[in-house]
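Position in the sequence shown (first residue = 1) + 62 = the numbering used here. For every residue, glycine included, the Cβ atom is placed at its ideal position computed from N, Cα and C.
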Amino acid sequence: MKKLILTFLFFILLGCSYEPVYNDIYIEKEIVINEPTLSVNFPSGEYFNDLTVDFSCPIMNAKVYYTLNDQTPDNKTGLLCAGGVLINKSGTLSYRAYLGETPITRVKKERYSFYIKPVIATPASGEYTADQLGVSLSSESKGVTIVYTTDGSTPAIDNGRVYDGTLAISYFTILKFFAIKEGYKQSEINRYAYSFKVLTPEIFPYSEGGDVELNSDALINIECQTPDVAIYYTLDGSNPSSASNLYNGSIILTPNSLGNPITLKTAAYKYGFAYSETKEEKYLFRVGSVNVFPEGGEYDSEIRATLSSSLSGALIYYTLDGSEPSEETSLYTEPIVLNSDAVVKAIAVKSGFKNSIPIETQYRFKTARPVFSKISGTYSAPQNVEIYCSTTGAEIRYVKTLDGSIEPDGSSPLYTGEAITISDGEILKAAAFKAGLAQSDVSSVTISIDSSAQTVAAPTLSLPSGTYNSVKTLTVTSATDGAKIFYSVDGSLPDLSGDLFFNDSYGDLDIFESQIVRFVAVKDGLSPSNVVSANFIIAGYTLEPPEILLPSGTYCSPEMVEIAHTDPLVILRYTLNSAEPTEESEIFYGTPLVISGLTSSITLKVKSFKNGCVPSDTAVAEYTFKLPPVSFNPAGGEYNNSIGLYLSQPTTGAVIRYTLDGSEPTETYGTIFSGQPIPALNGTTVKAISYKSGWKTSDTTAHTYTLKVNDPIFITSPSKTYFDEVKVQIDIIPFTAKIKYTTDGSDPKTSSNAKEYSGPIALNKSTTIKCVGIRDGWNDSEVVEERYIVE
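And the structure:
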């Protein structure tokens with residue numbers, strides 16, 4: 063009684079309520095004590111992760127004892143809570159509080175069960191174009207073991223792999239998985255499916271807007287960003303498949319019986335992936351536009367117009383009156399002599415190509431505009447002005463006015479070569495005339511007088527007019543500091559608003575060809591200098607030969623040939639038939655020449671030409687064109703299935719011949735490949751060549767095919783112990799193959815005890831079965847064996 067009263071006084075002093083513990087403590091009837099509240103942070107329930115359970119009791123110095131085995135806890139047999147209690151499996155937590163030796167609460171219980179949150183895969187199911195996918199598995203439940211399969215089978219503890227990191231998936235896969243953890247209910251089995259699709263191939267060249275126009279034989283390239291794919295293509299508009307042409311290098315498109323345009327379709331495939339989308343492009347062969355030299359414009363003397371096509375063998379038809387050219391109009395055979403106004407229209411024509419787009423070039427023949435020795439400006443005194451005209455034999459007529467209202471004509475005063483004095487405010491106008499040519503445009507110069515004006519020093523030239531036998535550099539200077547020197551190279555007056563000028567009273571000008579150059583120096587606040595002219599004739603020297611940038615050699619595809627020269631004003635003329643280039647040969651305009659199998663050998667000759675100069679030595683390159691090897695689809699090797707062989711040649715229009723007996727095919731011997739698959743029997747060596755007019759025959763390509771039966775497959779599992787008779791089932795693909803087996807350990811290939819499998823083999827004792835797959839005309843499979851334990 064004394065003990066109970068002391069305990070009661072202790073609780074009163076603490077200000078705590080106390081509930082009687084009726085089962086364990088004797089309570090006097092006159093004393094009522096309330097039980098303190100004992101609680102946990104995680105009540106009974108279902109959880110998906112381990113718990114750390116903490117107890118809460120308002121009584122200071124109270125201690126909590128617990129059990130996890132569903133036994134009643136006390137301060138003798140229970141576990142003392144010295145911190146959180148780890149709960150990591152389903153079960154019952156029993157607990158009560160003690161103060162000293164006295165229990166102060168009843169026994170409380172929390173019942174916990176644990177389950178595993180579903181495992182998820184990242185990324186989710188779907189179709190992907192990546193070469194390899196990294197798939198990670200995870201669950202919100204911590205510390206679990208994830209078991210998975212990738213063959214579509216249902217995973218179990220004894221059937222599956224333990225996940226230990228990101229899975230690399232690179233082909234169609236059905237991924238199934240679940241998670242386990244001791245004390246937890248295992249997660250449900252989830253299924254994810256991953257399929258792969260090859261990226262759509264890219265074609266080069268390709269046009270989003272329509273057909274690609276080709277001006278010559280062309281290389282077509284196909285690329286796919288998915289690695290290790292097989293690319294198939296067709297050129298007849300049909301959809302590609304594994305039976306189509308196998309792409310293994312550039313396709314050489316040439317105009318041929320496939321028609322014009324040619325439709326290329328391509329798709330790519332990879333094992334375990336779906337076929338890519340089909341990419342399509344149409345190629346239209348059209349002759350490139352005719353090149354014309356010299357370019358259209360105004361001329362003051364007779365010219366010889368040269369027409370050429372960059373496509374060898376093309377014919378050019380033209381007109382001179384602006385009418386549309388056709389194969390019924392004039393055929394171009396030599397330079398066209400022009401001495402009167404003309405509109406030249408021309409087309410190029412070649413079999414297998416669409417005609418070129420017509421070109422139009424206008425030539426106008428007109429007397430050159432007169433040039434003055436002075437430019438308009440303010441001078442300190444009247445100026446003596448001379449007049450020039452570059453048109454040989456032309457006469458110059460002029461007028462002097464104050465208001466510019468009078469234009470010179472055929473009755474105006476004739477300029478005789480004497481300088482004409484121009485005073486303040488006067489305007490001098492001049493025009494040139496020559497029989498057979500149109501009157502020139504009118505030139506004019508206006509002079510203002512300011513007696514205080516100073517004049518810019520006239521330009522000084524480092525070279526006098528004359529004839530030179532090499533390219534020269536002319537240095538031009540003015541003694542007036544800061545002067546700007548304008549110049550012209552066509553005999554006209556320098557244009558003060560143009561972009562041909564030197565700053566700071568100095569400049570260098572390369573003289574590549576015969577020309578009249580004129581210079582005038584100007585500076586703000588000063589009168590313009592006199593116009594200084596020089597006539598340079600660059601002639602008599604031998605030109606440097608051009609450089610052919612593609613070396614001589616044997617090539618298996620069309621090639622682009624670039625030709626270079628250090629002098630930008632030379633004309634490069636070439637031939638492709640071994641003839642020496644002349645001034646009437648075709649002109650190289652800077653666009654690379656595309657050459658291919660016009661003949662099996664091509665001799666390119668190029669010379670440099672320039673007015674007044676000796677043509678260069680001839681640059682020569684020899685090209686031989688040989689068809690690339692025939693492509694085999696599939697390639698030679700060992701196969702477990704029947705083979706249908708397709709042959710292809712990347713150069714369109716070539717003929718393929720092949721043999722199956724090991725003999726050498728030629729252009730006249732062997733079977734012509736018709737496009738139908740060739741049955742390749744076991745041990746067959748297929749040899750093939752291709753040939754085409756204008757190309758050398760390809761090298762012989764040989765592939766050997768071996769057909770071998772697949773290894774037999776044991777359907778009945780050998781990985782368990784049987785306690786009764788077991789019937790062993792064996793299978794083989796294809797079903798036309800047979801299985802021979804032994805049960806005495808002997809080799810089924812050679813043993814006289816070997817039997818032909820006709821159904822499940824009954825075993826009532828431990829036995830090793832050896833078997834081999836056989837098929838007429840095929841190589842036997844490997845011998846496979848399994849041991850079955852029967853007890």
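The C-beta distance from Lys-491 to Ala-456 rounds to 16 Å, too long to meet the 8 Å contact threshold.
Check the Cα spacing between Asn-531 and each of Phe-797, Ala-545, Val-676, Gly-737: the tightest is with Val-676. Residue environment analysis places Thr-529 among the exposed positions, since fewer than 16 neighbouring C-beta atoms fall within 10 angstroms of its C-beta.
Assignment of beta-bridge partners to Leu-237 by DSSP yields Tyr-254.
The DSSP-derived three-state label of Lys-151 is coil. Inside the stretch 353-430, DSSP marks whole beta strand (DSSP E) runs of 3 or more residues at positions 353-355, 359-361, 365-370, 377-381, 398-400, 404-411, 421-427, from first to last along the chain. Judged by beta-carbon spacing, Gly-196 lies beyond the 7 Å limit of Thr-235, meaning their Cβ atoms are not closer than that value. Straight through space, the alpha carbons of Gln-711 and Glu-389 are spaced by roughly 35 Å. Per the C-alpha coordinates, the member of Leu-148, Leu-709, Asp-116, Ala-494 positioned closest to Ser-752 is Leu-709. Here the stretch 325-343 lies against the stretch 254-274, with 3 or more beta-carbon pairs under 8 Å apart. Unbroken beta strand (DSSP E) runs of no fewer than 3 residues, entirely contained in the stretch 282-339, are found at 292-296, 313-315, 324-331, following chain order. Between the beta-carbon of Asn-703 and that of Leu-308 there is about 17 Å, and that puts the pair past the 8 Å contact cut. The beta carbon of Ile-314 sits closer than 7 Å to those of Asp-279, Leu-281, Ser-619, Pro-620, Pro-712, Thr-713, Thr-714, all from its chain and outside the five residues before and after it, given in chain order. For the 7 Å CB-CB criterion, Val-584 and Lys-546 form a contact. Between Ala-330 and Ala-376, the gap from beta carbon to beta carbon reaches 7 Å or more. Nearest in C-alpha terms to Leu-373, of all of Ser-249, Gly-359, Thr-184, Phe-347, is Phe-347.
Check the Cα spacing between Ser-370 and each of Phe-239, Tyr-651, Arg-426, Pro-690: the tightest is with Tyr-651. Here the alpha carbons of Lys-332 and Glu-645 stand approximately 57 Å from one another. Exclusion of the five residues before and after Thr-680 leaves Pro-607, Glu-642, Pro-643, Lys-667, Val-668, Lys-669 as the residues of its chain whose Cβ lies within less than 8 Å of its Cβ. Under the criterion of beta carbons closer than 8 Å, Leu-611 and Ala-626 qualify as touching, at roughly 6 Å. One Cα belongs to Ile-777, the other to Thr-768, and the distance between them is close to 27 Å. By the neighbour-count definition (other C-beta atoms within 10 Å, threshold 16), Tyr-210 is a buried residue.
Boundaries of the beta strand (DSSP E) harbouring Lys-170: 170-176, taken from the DSSP string. Under the DSSP definition of a beta bridge, Cys-833 partners with Tyr-803, Val-846. Looking at the DSSP output, Glu-457 shares a beta bridge with Phe-495. The closest CA to that of Asp-220, considering only Val-788, Ile-208, Val-579, is found on Ile-208. Considering only Leu-326, Gln-445, Ser-106, Ser-524, the residue with the shortest C-alpha distance to Thr-517 is Gln-445. Only residues of its own chain outside the window of five on either side were considered, and among them Ala-367 have a CB closer than 6 Å to the CB of Ile-398, listed in chain order. The alpha-carbon of Asp-629 is positioned some 15 Å away from that of Ile-649.
Here the alpha carbon of Ser-402 sits roughly 7 Å from the alpha carbon of Arg-426. Note on Glu-469: under 16 other CB atoms within 10 angstroms of its CB, so exposed under the neighbour-count rule. Within the stretch 464-526, the complete beta strand (DSSP E) segments at least 3 residues long are 482-484, 489-495, 505-511, listed from N- to C-terminus. Under the DSSP assignment, Asn-446 falls in the beta strand (DSSP E) whose first and last residues are 445-447.
Segment contact: the stretch 831-851 against the stretch 802-822, three or more CB-CB distances shorter than 8 Å; contact assigned. The alpha-carbon of Thr-762 is positioned some 8 Å away from that of Val-692.
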